[in-house]
Amino acid sequence: MCNITTKDEFEKHIKRILITEQEIQEAVIKAGAEISKEYEGKPILLVSILKGSFVFLSDLCRAITLPCEMDFMIAKSYYNSTESSGEVKILMDLEHDISQYHVIIVEDIVDTGQTLSKLVPMLKERNPLSVSVVTLLDKPSRRTAPFNPDKTLFTIPDHFVIGYGLDCSEYYRNLPYIAEYNAEV
Ligand code: 5GP
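Each residue of the sequence shown is one higher than the last, beginning at 43 in this note's numbering.
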């Protein structure tokens, strides 16, 4: 869908900014402070669902004032499309044995809920001390699987969004804000 070679082509797909860099930073600081309070004295493992959550993870982990470990997982339910296939495949699993940790899954966006409604029970089977989910964005109107994140920084309407880790065909992850993608140009 996005075959981008020039700066003009890159910019013309950015329809409008939905969440500014400053709004994101304020919400991340607040979420980090809440997590630091809730998990004090507990062993934490932050689990980033790649690739979309890597920017959020890097800011969130620096807003958490507790010792914490990090691990990464690739679970795909999107294949260069703006629609979810509803199919979830684990392409890369965790390195950690999570049984000694309170696992905090760090997600970029909960859309249909298909990915996390399958991943969370799968991780619970590994007997962690607890599992919770913090998501930067939530699009509850798109849900096709029953799933509610424990912590949501922003609830958004049904738009395909890009930026702050979220891509369209691998582009736009480096935008410092969240924008609506314009597919019509
Ligand atoms: P779900 O399984 O909840 O439908 O979708 C989870 C994944 O779909 C997200 O982690 C993200 O990679 C992708 N996704 C869902 N909505 C959007 C969107 O608006 N923009 C982008 N770039 N990815 C999305």
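Just so you know, even glycine gets a beta-carbon here, dropped at the ideal spot from N, CA and C. Given the structure is predicted, the values throughout are model-derived calculations rather than measurements.
- The beta carbon of lysine 54 is closer than 6 Å to those of Val227 in its chain, skipping five residues each way along the sequence.
- Under the three-state reduction of DSSP, leucine 60 is assigned to strand.
- Every beta strand (DSSP E) of 3 residues or more that sits fully in the stretch 165 to 221 is shown, in chain order, as 172 to 180, 193 to 197.
- Histidine 144 and isoleucine 86 have their C-alpha atoms roughly 5 Å apart.
- Between the beta-carbon of tyrosine 219 and that of threonine 62 there is about 5 Å, and that keeps the pair under the 8 Å contact cut.
- Secondary structure at glutamate 226: coil, using DSSP grouped into helix, strand and coil.
- A direct Cα-to-Cα measurement between glutamate 212 and glutamine 156 gives close to 21 Å.
- Taking non-hydrogen atoms of ligand 1 into account, the C-beta of valine 152 is found less than 7 Å away from one of them.
- For phenylalanine 52, the shortest separation between its Cβ and any heavy atom of ligand 1 does not lie below 7 Å.
- Secondary structure note for serine 100: it is in no beta strand (DSSP E), and the uninterrupted alpha helix (DSSP H) holding it is 96 to 105.
- Counted as a single uninterrupted DSSP element, the alpha helix (DSSP H) harbouring glutamate 53 occupies residues 49 to 54.
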